[in-house]
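*Asks:* For the sequence shown, our numbering assigns the number 601 to the initial residue and increments by one for each residue that follows.
Glycine is no exception: its CB is placed at the ideal position from the N, C-alpha and C atoms.
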Amino acid sequence: MKYRTGSEVRQLFLDYFKSKGHMIEPGAPLVPVNDATLLWINSGVAALKRYFDGSVKPQNNRITNAQKSIRTNDIENVGKTSRHHTFFEMLGNFSIGDYFKEDALKFAWEFLTSPEYIGMEKDRMYVTVHPTDTEAYRLWIEVIGLDPSRILKSEENYWQIGEGPCGPNSEIYYDRGPAFDPSNIGEELFFKELNNDRYIEIWNVVFSQYDGKEGVERALYKELPQKNIDTGMGLERLVCIVQNGETNFDTDLFMPVIKAVEKIAKVPYSGENKMAYRVIADHIRTVSFALADGALFSNEGRGYVLRRLLRRAVRFGIKIGITSSFMNELVPVVADMMKDYYPYVGEKVPLINKLVKAEEERFHKTLNAGEQLLIDELSHAESKLLSGKTVFKLYDTFGFPVELTQEITQEKGYDIDMVGFKSEMEIQRNRARNAREDVESMSSQSIDLMNFKEVSEFIGYDVYSVESTVLACFKGGKRVNSLDDEGEVIVDVTPFYAEMGGQVADTGKLDFENGEADVLDVQRAPQKQHLHSIKIAYGELKEGDTVILSIDLPRRQRIIANHSSAHLVQTALKEIVGNHIHQAGSYVAEDYMRFDFTHFEKVSDQQLKAIELMVNRLIFEKHPVRFDLMDIEAAKADGATALFTEKYDKIVRVVTMGSVSKELCGGCHVSNTGEIGVFKIVSEESIGSGIRRLTTKTQNAAYSDFVAYQVQLETIAKMYKATSFMGIEERIDLSLKENVSLKQELGQLKQHLASMEAKVLSSSIVSTPDFEVLIKRIDKDASNLKLMIESLKPLVHEGFIFLAGVYEDKVNFVAFCGTKAIAKGIKAGDVVKTMAAQTGGNGGGRPDFAQAGGKDASQLDALLKELSSRF
């Protein structure tokens, strides 16, 4: 085999399949586009689901791609094994109803074994097939020429996740030779399917030919109307073989990062240190690409996955002596290493750097918080065994290493419940596994909609009512001749906008002879027609009927005002907050607009006012809005802003607002910014680490808010006896100052009263051989009891004070332990905790001071008497 770089192997694969008539599909972002069922793109086919389930028709039925993927279900194995990764590239070739088994196997075999391509030795190749797949078995022998002794029949060779397209698969293995078989076991490693580093699975060919149904035996699955091929080959594994690396990490896809870490740690990449280096190299690739593709750190979803990966890498950095932030220094290394195929990562290095550095610094603080939590848990542990739930909480919530938890607990004379911890881990894995099965399944093909290819034209940018002809009626995706209640229709020409790009669909009316229907929603059908969901008020609608389609124009006008304001908001954000701002999503409805964007901190009140003023200025300037169709590269070169997570066609629609905004957008807009009327920011909030959200309004909705604010101000002005709302601020400021002064006076009076009451109570102090004790019931609130304890402290000379009372049906306990009392084993926290528990409450605190609350006062006097008897 000829040595090739990882970049060369990737390009060789794509070029090979291009020569076989495949269209090279650009890799999708790791953050799924228009697919809420997936957390990440986790395979080559995940980015092509719309083709396989028939919801979209591809331009070419032969497709190839190199797809970035993230999987974290085996995160604890990353670094331990030679092949586990959280980020990897999947090379794939796909057939959507074109070629099938024979050509798929021929292509794979030629690419792997031909000297023109990879050039693997044929006598080192092994394959697996499903026992029922006699066709694949025959093809391997008769067409490919593989010896039957190199074929393993395995029940595992069946690809199915949930319902939908599924089928048998065939895997191709490569024998790396005796050097990777230290026990010299030989072929038994392959045929007994033993985990090993000698026989490596490199390519999986899935024959997607059945429509899987829950509760139906596989033998009874119906064949799909179109049979598909879905293949996947991990670039990292293939490059490892081509470069003869010891592991996947010992290749040019990882070594530049490992070398960079060596310079920081000043510890060699060898022996026990290898795992730490591999974890760091893997995780920084994942984090860098995920952030470049629009993900952000957060406490949930994909943001939590990134946070966990970064923390794990930092922990392993600590193991090799790196105690300060360093992960951000590796981001440029990743970008440079992958620049041949992913140049966009280099463009985003400054942003990724900031996000990684801030998150790593935050984690170092979290690590300290985890240590404090552990110490607190140990102080309250009822036995010498720290519960598995606590260990798991430290691990999962705080990213706390189990080994460090164990080390600290042993220093304190405790141990950890490893069985309980592993049980909690398994529960989490099962949750993740079940969720993965739920979200990864492809929907069953809607055959009727998929096969319906008649053209339907959208003319609704500037036409709002039109006469049209019903091309087809559907009920739940199944084609029917007519409708008399609810269903879906496709017409030859429509003014109704289908929900896309964050803009909600139009609603309106569909009138026909002797009937009428409401259009409730519009979505895009598999062949890109607008599919109208209707509810018939009366009459029967049939295919071929002539209809009048009319959108709800006032509603559309409210929607487009909000949509156009979103473009102006992006302009204002970049101008006022910073050019690092990138749109992270939007939702445009008739009564409000939601705009999500990347930013590291809260937008200040001053900035929000400036944004609102600027957007309104741009509205009042009445900039004309122009719409152009352009080649996407030309549009970008012309300065048009694109949403990174959106997929665009080659020809795109560019929306230009005067000289202030130019964006790629297929949505509906005003013809002049003046039509937006007025703009109001309703709220600004965080929806995750590094991502903020503005909620805004326009037109009447915004004006109504302004009126409501004015009415509220006038009401407040009357309350403060201001002659107009212009004088409210001065009146409120004066009132607040008076309030502060009165509170200070009240506090002084309370302190003086507590001091006087303390003098009265001093006669109740009891002297014991060791220290003075005061235990008393005083029916006051907790704050007053605390004031009294402060006055009583000098009188008990480092002894013990316990005050209890009932105030507004609540039992209050406050305790103080001086040094003499603590020396005798008395702790304030323990005493109040016990007393609170006996009155149906809870609480605690430090050994020297504590307070608690209770609910049942019926036993209070008896409890105080029992406590007094102890002294």
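Quick one: residues in its chain with C-beta nearer than 6 Å to the C-beta of Phe617, no 5 flanking neighbours on either side, listed in chain order?
*Replies:* The sequence position of residue 617 within the sequence shown is 17, counting from 1. The residues are Thr664, Asn693.
*Asks:* By a C-beta neighbour count over all protein chains shown, 10 Å radius and 16 as the cutoff for buried, is Met1214 buried or exposed?
*Replies:* Your numbering for residue 1214 matches position 614 in the sequence shown. When all chains shown are included, Met1214 counts as buried.
*Asks:* Evaluate His980 with the Cβ neighbour count: other Cβ atoms within 10 Å of its Cβ, from every protein chain shown; 16 or more gives buried, anything less gives exposed.
*Replies:* Taking the first residue of the sequence shown as 1, we reach residue 980 at position 380. When all chains shown are included, His980 counts as exposed.
*Asks:* Would you list the one or two residues that DSSP bridges to Tyr726?
*Replies:* For the purposes of this step, residue 726 is taken as the residue at position 126 of the sequence shown. Beta-bridge pairing links Tyr726 to Tyr773.
*Asks:* The beta strand (DSSP E) spanning Ser1271 covers which residue range?
*Replies:* Here residue 1271 corresponds to residue number 671 of the sequence shown, with the count starting at 1. Here Ser1271 belongs to no beta strand (DSSP E), and DSSP marks it neither H nor E.
*Asks:* Please name the residue, chosen from Val743, Val991, Asp1379, that lies closest to Glu1024 on a Cα-to-Cα basis.
*Replies:* Working through the sequence shown from its first residue, we reach residue 1024 at position 424. Measuring from the Cα of Glu1024, the nearest candidate turns out to be Val991.
*Asks:* Going by DSSP, what residue range makes up the beta strand (DSSP E) through Phe807?
*Replies:* Reading the sequence shown from its first residue, position 207 is the one you call residue 807. Counting along the chain, the beta strand (DSSP E) containing Phe807 begins and ends at 799-812.
*Asks:* For Pro768 and Asp936, I'd like the C-alpha separation in whole angstroms.
*Replies:* As a working mapping, residue 768 is identified with position 168 in the sequence shown. As a working mapping, residue 936 is identified with position 336 in the sequence shown. Cα to Cα, the separation comes out at about 40 Å.
*Asks:* Can you tell me the Cα-Cα spacing of Val949 and Phe1096, whole angstroms?
*Replies:* Stepping through the sequence shown from its first residue, residue 949 is reached at position 349. Stepping through the sequence shown from its first residue, residue 1096 is reached at position 496. Each residue's alpha carbon lies about 42 Å from the other.
*Asks:* Among Leu1467, Ala1423, Ile1426, which has the Cα closest to the Cα of Met1435?
*Replies:* One-based indexing of the sequence shown puts residue 1435 at position 835. The shortest Cα separation from Met1435 among Leu1467, Ala1423, Ile1426 belongs to Leu1467.
*Asks:* Tell me Pro1224's beta-bridge partners as DSSP assigns them.
*Replies:* Here residue 1224 refers to the residue found at position 624 of the sequence shown. In the DSSP output, where bridge partners are listed per residue, Pro1224 has Asn1272.
*Asks:* Is the stretch 1427-1434 in contact with the stretch 1444-1455, if contact means three or more CB pairs nearer than 8 Å?
*Replies:* The stretch 1427-1434 vs the stretch 1444-1455: in contact.
*Asks:* Can you give, in chain order, each stretch of the alpha helix (DSSP H) that sits fully within the stretch 926-1008 and has at least 4 residues?
*Replies:* Here the runs fully enclosed are 931-937, 943-947, 949-980, 988-996.
*Asks:* Name the DSSP beta bridge partners of Asn693, please?
*Replies:* By one-based count along the sequence shown, residue 693 stands at place 93. Thr664, per the DSSP bridge assignment.
*Asks:* Which word fits Phe1306, buried or exposed, when buried means at least 16 other C-beta atoms lie within 10 angstroms of its C-beta?
*Replies:* As a first step, residue 1306 must be located in the sequence shown, where it is residue number 706. Flag for Phe1306 reads exposed.
*Asks:* Could you say which of Phe1371, Glu961, Ala1354 lies nearest to Ser1391 if we only look at CA atoms?
*Replies:* As a first step, residue 1391 is located in the sequence shown; it is residue number 791 there, counting from the start. Ranking Phe1371, Glu961, Ala1354 by Cα distance to Ser1391 puts Ala1354 first.
*Asks:* Counting C-beta neighbours from all protein chains within 10 Å, is the total for Ala1137 16 or more, i.e. buried, or is it exposed?
*Replies:* What you label residue 1137 is simply residue 537 of the sequence shown in a count that begins at 1. Burial call: exposed.
*Asks:* Spell out whether any CB of chain C is found under 7 Å from the CB atom of Thr1241.
*Replies:* No chain C is part of this structure, which consists of one protein chain only.
*Asks:* Here's the rule I'm using: 16 or more other beta-carbon atoms within 10 Å means buried, otherwise exposed. How should Val1373 be labelled?
*Replies:* Here residue 1373 refers to the residue found at position 773 when the sequence shown is read from its first residue. Val1373 comes out buried.
*Asks:* Would you mind giving the Cβ-Cβ distance between Ser987 and Gly1013, rounded to the nearest angstrom? I have them listed as a contact below 8 Å.
*Replies:* Counting from 1 along the sequence shown, the entry for residue 987 is found at position 387. Counting from 1 along the sequence shown, the entry for residue 1013 is found at position 413. With a Cβ gap of about 16 Å, Ser987 and Gly1013 do not count as contacting.
*Asks:* Using only CA atoms, which one of Glu1116, Leu1110, Gln1129 lies nearest to Phe1052?
*Replies:* Numbered from its first residue, the sequence shown carries residue 1052 at position 452. The option with the nearest alpha carbon to Phe1052 is Gln1129.
*Asks:* For a test of the three-state rule: what should DSSP assign to Lys701, helix, strand or coil?
*Replies:* By 1-based counting over the sequence shown, the position of residue 701 is 101. If DSSP states are grouped into helix, strand and coil, Lys701 belongs with the helices.
*Asks:* Kindly identify the DSSP beta-bridge partner or partners of Asp1015.
*Replies:* Taking the first residue of the sequence shown as position 1, residue 1015 is located at position 415. Answer is Leu985.
*Asks:* I'd like the list of long-range same chain contacts for Leu1403, defined as Cβ closer than 7 Å, with 5 residues on each side in sequence excluded.
*Replies:* Working through the sequence shown from its first residue, we reach residue 1403 at position 803. Result list for Leu1403: Lys1376, Ile1378, Leu1385, Met1388, Ile1389, Val1414, in chain order.
*Asks:* Please report how far the alpha carbon of Ser898 lies from the alpha carbon of Leu1294, in whole angstroms.
*Replies:* Along the sequence shown, read from residue 1 onward, the residue named residue 898 stands at position 298. Along the sequence shown, read from residue 1 onward, the residue named residue 1294 stands at position 694. When rounded, the distance between both Cα atoms is 18 Å.
*Asks:* Can you tell me which of the three DSSP states Arg683 falls into?
*Replies:* Counted from its first residue, the sequence shown places residue 683 at position 83. Reduced to three states, the DSSP call for Arg683 is coil.
*Asks:* Between which residues of its own chain and Asn660 is the CB-CB distance below 6 Å, once the five residues before and five after are set aside?
*Replies:* Within the sequence shown, numbered from 1, the residue matching residue 660 stands at position 60. Counting only Cβ-Cβ distances below 6 Å, and skipping sequence neighbours, we find Met623.
*Asks:* Between which two residues does the alpha helix (DSSP H) containing Met720 stretch?
*Replies:* On the sequence shown, position 120 is the one that residue 720 refers to. Taken as a continuous stretch (DSSP letters only), Met720 belongs to no alpha helix (DSSP H), as it is neither H nor E.
*Asks:* Around the C-beta of Met1356, are 16 or more other C-beta atoms found within 10 angstroms, so that it is buried, or is it exposed?
*Replies:* Locating residue 1356 in the sequence shown gives position 756, counting from the first residue. Looking at its Cβ environment, which holds fewer than 16 other Cβ atoms inside 10 Å, Met1356 is exposed.
*Asks:* Tell me whether the stretch 1155-1166 and the stretch 1074-1086 touch, counting them as touching only if at least three CB pairs, one residue from each stretch, are closer than 8 Å.
*Replies:* As far as the Cβ criterion goes, the stretch 1155-1166 does not touch the stretch 1074-1086, which means the pair count is below three.
*Asks:* Give every residue of the same chain whose Cβ lies closer than 6 Å to the Cβ of Leu891, excluding the five residues on either side of it in the sequence, and list them in chain order.
*Replies:* Locating residue 891 in the sequence shown gives position 291, counting from the first residue. Cβ neighbours of Leu891 beyond the five flanking positions: Ile952, Leu955.
*Asks:* Nearest by alpha-carbon distance to Ile1059: which of Ile1151, Leu974, Glu801, Ile1027 is it?
*Replies:* Numbered from its first residue, the sequence shown carries residue 1059 at position 459. Answer by Cα proximity: Ile1151.
*Asks:* Any idea what DSSP makes of Pro748, helix, strand or coil?
*Replies:* Sequence index remark: in the sequence shown, residue 748 carries index 148 (1-based). Helix.
*Asks:* Among the candidates Leu1110, Ile975, Gly1076, whose CA atom is the shortest distance from the CA of Glu1067?
*Replies:* Reading the sequence shown from its first residue, position 467 is the one you call residue 1067. It is Leu1110 whose Cα lies nearest to the Cα of Glu1067.
*Asks:* Considering Phe790, what are the terminal residues of the alpha helix (DSSP H) in which it resides?
*Replies:* Sequence index remark: in the sequence shown, residue 790 carries index 190 (1-based). Looking at the DSSP string, the run of the alpha helix (DSSP H) that includes Phe790 is 788-791.
*Asks:* What first and last residue would you give for the alpha helix (DSSP H) that runs through Tyr877?
*Replies:* Numbered from its first residue, the sequence shown carries residue 877 at position 277. Unbroken alpha helix (DSSP H) run through Tyr877: 874-892.
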